[in-house]
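Have a look at the structure below, then the notes.
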Amino acid sequence: MDRSRRVRGRGLGEGGRRSGTRYSVRARATLVTVLVSAIVLGLALSLTGRVTRDWFRNRSQNQVERTVQELIFDIDRGRRSDPVPVGRGQADLIQIQTMNGRVIAASPKLRGRPALVVPDDTELINTKVCPDYLDRCVWAYGIRMRMSAYGRNVMVLAASPLPVLTTAWALSLLLSLLLVALLTLIGWWTWRAIGLALEPVSRVQEEMSEIGASNLSRRVPVPHTGGHFRRLANTVNDTLARLEEAASRERRFTSDASHDLRNPIAGLRTRLEGALDDPDDHGLRPAVRAALTDVERLGDIVDDLLELARLDSLAPVPVETLDLARLTRREIERRVPGTPITTRLEPDVHVRASPVRLSRVLNNLLNNAERHARSAIEVLVARDGGQARLEVLDDGSGVPEDERERVFERFSRLPESRGRDPHGTGLGLPIAREIAEVYGGSLTIQDSGSGARFVLTLPLAQDPPAP
Numbered sequence: 001m002d003r004s005r006r007v008r009g010r011g012l013g014e015g016g017r018r019s020g021t022r023y024s025v026r027a028r029a030t031l032v033t034v035l036v037s038a039i040v041l042g043l044a045l046s047l048t049g050r051v052t053r054d055w056f057r058n059r060s061q062n063q064v065e066r067t068v069q070e071l072i073f074d075i076d077r078g079r080r081s082d083p084v085p086v087g088r089g090q091a092d093l094i095q096i097q098t099m100n101g102r103v104i105a106a107s108p109k110l111r112g113r114p115a116l117v118v119p120d121d122t123e124l125i126n127t128k129v130c131p132d133y134l135d136r137c138v139w140a141y142g143i144r145m146r147m148s149a150y151g152r153n154v155m156v157l158a159a160s161p162l163p164v165l166t167t168a169w170a171l172s173l174l175l176s177l178l179l180v181a182l183l184t185l186i187g188w189w190t191w192r193a194i195g196l197a198l199e200p201v202s203r204v205q206e207e208m209s210e211i212g213a214s215n216l217s218r219r220v221p222v223p224h225t226g227g228h229f230r231r232l233a234n235t236v237n238d239t240l241a242r243l244e245e246a247a248s249r250e251r252r253f254t255s256d257a258s259h260d261l262r263n264p265i266a267g268l269r270t271r272l273e274g275a276l277d278d279p280d281d282h283g284l285r286p287a288v289r290a291a292l293t294d295v296e297r298l299g300d301i302v303d304d305l306l307e308l309a310r311l312d313s314l315a316p317v318p319v320e321t322l323d324l325a326r327l328t329r330r331e332i333e334r335r336v337p338g339t340p341i342t343t344r345l346e347p348d349v350h351v352r353a354s355p356v357r358l359s360r361v362l363n364n365l366l367n368n369a370e371r372h373a374r375s376a377i378e379v380l381v382a383r384d385g386g387q388a389r390l391e392v393l394d395d396g397s398g399v400p401e402d403e404r405e406r407v408f409e410r411f412s413r414l415p416e417s418r419g420r421d422p423h424g425t426g427l428g429l430p431i432a433r434e435i436a437e438v439y440g441g442s443l444t445i446q447d448s449g450s451g452a453r454f455v456l457t458l459p460l461a462q463d464p465p466a467p
């Protein structure tokens, strides 16, 4: 219970950090986007404002220039009028002035008004003016006529009101409001888009914060969309699966150890207590011999459990290319003479494995065959397609078909096996199968005319063993 709370608490702490990181990333990304957008939009709107102002100004300037040209044409033809008529498409602010600023004639809108601009012997007027009697600034354009129907040296001047947008404060205010609105929209959209994009991370974080040692079977949701977050969720689930398997192996190892060490330890304790209770020490020597037998069995069990733990941990073990026939012959020759063993070993059958582990598989199979054989054991090594095949056969009573998988379960022993070897651990065949599977092979029991037939298959190696 304490461990579960510790794991879960650690998950919540890490989840909090991840959540903070998530919002930090979200805020930073939004801030960067807004800042970059502000720079880009600021430059774009500034350029747009300048272009807009110049366009309106040029439009007004073209209108007044055209109006002045038409007026000069009419005046050259001797036309003179007051008020000055305004033609279609012409600027409606017109004045005919003397060089000292006296208004000789004007259009209806400027009758009785002072001069927009005092010429002061200027040949050309082309400027922006903001007279007090008009509600906005105008663009004024005028040309000096030395001889005209209105007299000598008069200024023909026309003006057109400039749009409010062409004033600096109005255009700046409008562009500033537009910039703020666009940046607000961009910031909101970026914040929301990043939030939606990071939603799978939030779900992963929430699920991970709920996972403890007691519920490692839970998995984080995998988003339907592809990309990095889907790969992240799959990676997290793969990690959880490995963690669950590691925890399962730990529990299984603890269970296996407590299961199989209990009886030998209890027997050893009983024998030692019995020897202590013998007043004459007559039973001491037999008790010590029996205790040594129990200690040897405990050593065998510990060795088997450690090997299972190493197999469960998937710790890498150096491998090399082995000649299966040569290895088999060597292990048979090392054995203490017992039940006769005949061999049929095809040479140059090479596999990739640890020689120590493969020797253990072979010895476990031979030990099992010796326990059950009546008079003979046969060992075969051959190629079988792309695999190496090793068979160990005995002439015992065999294994019933419905019990063939059970013998590969840890600590599982058939009644006949218990009778023949009461001190066995029940781990030899499970270890042999797990070693075979580590190297991509298999260990099964197949049909035989008489007795048991254990078949080990391993992938053939491509390169020959080192000399």
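Residue numbers (the UniProt record's numbering): 1 to 467.
Think of the CB as a built atom: it goes at the ideal place given N, C-alpha and C, for glycine as much as any other residue.
Asked: Length of the line joining the Cα atoms of methionine 145 and asparagine 153; Found: 5 Å
Asked: Beta carbon of phenylalanine 73 nearer than 9 Å to that of leucine 162; Found: no
Asked: Neighbourhood of phenylalanine 408 by C-beta distance below 8 Å, restricted to the same chain and skipping five residues each side; Found: Leu429, Pro430, Arg433 and Leu443
Asked: Residues of its chain near leucine 240, where Cβ-Cβ distance is below 8 Å and the 5 sequence neighbours each way are ignored; Found: Ile211, Leu216, Arg218, Arg219 and Val220
Asked: Asparagine 234, buried or exposed, once every other Cβ within 10 Å from all chains shown has been counted against 16; Found: exposed
Asked: Backbone secondary structure at methionine 145 - three-state DSSP; Found: strand
Asked: For valine 36, the three-state DSSP class (helix, strand or coil); Found: helix
Asked: Selected residue, minimal CA-CA separation from threonine 342, among Thr328, Leu276 and Val351; Found: Thr328
Asked: CB contact flag (glycine 451, glycine 396, <9 Å); Found: yes
Asked: Sequence-distant residues of the same chain with beta carbon closer than 6 Å to glutamate 307, five excluded per side; Found: Ile431
Asked: Residue nearest to glutamate 70 in terms of C-alpha spacing, selected from Ser359, Thr33 and Ala158; Found: Ala158
Asked: Nearest-angstrom Cα separation, counted from valine 138 out to proline 83; Found: 20 Å
Asked: Cβ-Cβ distance between glutamate 370 and aspartate 402 below 9 Å; Found: no
Asked: For asparagine 153, three-class secondary structure by DSSP; Found: strand
Asked: With 16 other Cβ atoms within 10 Å as the buried cut-off, status of tyrosine 133; Found: exposed
Asked: CA-to-CA distance, glutamate 245 to valine 7, given in whole angstroms; Found: Residue placement at valine 7 is flagged as unreliable, the pLDDT there being 39, under the threshold of 50; a coordinate-derived value is accordingly withheld.
Asked: Three-pair Cβ contact test at 8 Å for the segment 170-184 versus the segment 38-46; Found: yes
Asked: Cβ-Cβ separation, leucine 460 to glutamine 387 (assumed contact under 8 Å), whole Å; Found: 6 Å
Asked: Complete runs of the alpha helix (DSSP H) confined to the segment 193-246 [at least 4 residues]; Found: 199-210
Asked: Pick from Arg389, Ala373, Gly49 and Leu31 that is closest to leucine 173, judged by C-alpha positions; Found: Gly49
Asked: Option nearest alanine 373 by Cα separation, candidates Thr184, Glu206, Ile96 and Thr339; Found: Thr339
Asked: Close beta carbons around valine 317, own chain, < 6 Å, minus the five adjacent residues each side; Found: Ser354
Asked: Proximity below 9 Å, CB of leucine 358 to CB of isoleucine 265; Found: no
Asked: Buried or exposed (CB count within 10 angstroms, at least 16 for buried), serine 60; Found: buried
Asked: Valine 438 to leucine 31 span [Cα, whole Å]; Found: 52 Å
Asked: Given isoleucine 194 as reference, the closest of Ala29, Val222 and Leu322 once Cα atoms are compared; Found: Ala29
Asked: Per-residue burial, asparagine 368 [other beta carbons within 10 Å of its own, 16 or more giving buried]; Found: buried
Asked: C-alpha distance - arginine 10 paired with methionine 208, whole-angstrom precision; Found: Caution applies to arginine 10, whose pLDDT of 40 falls short of 50 and renders its modelled position unreliable; the model cannot decide the point.
Asked: Beta-carbon gap between isoleucine 377 and valine 392 smaller than 9 Å; Found: yes
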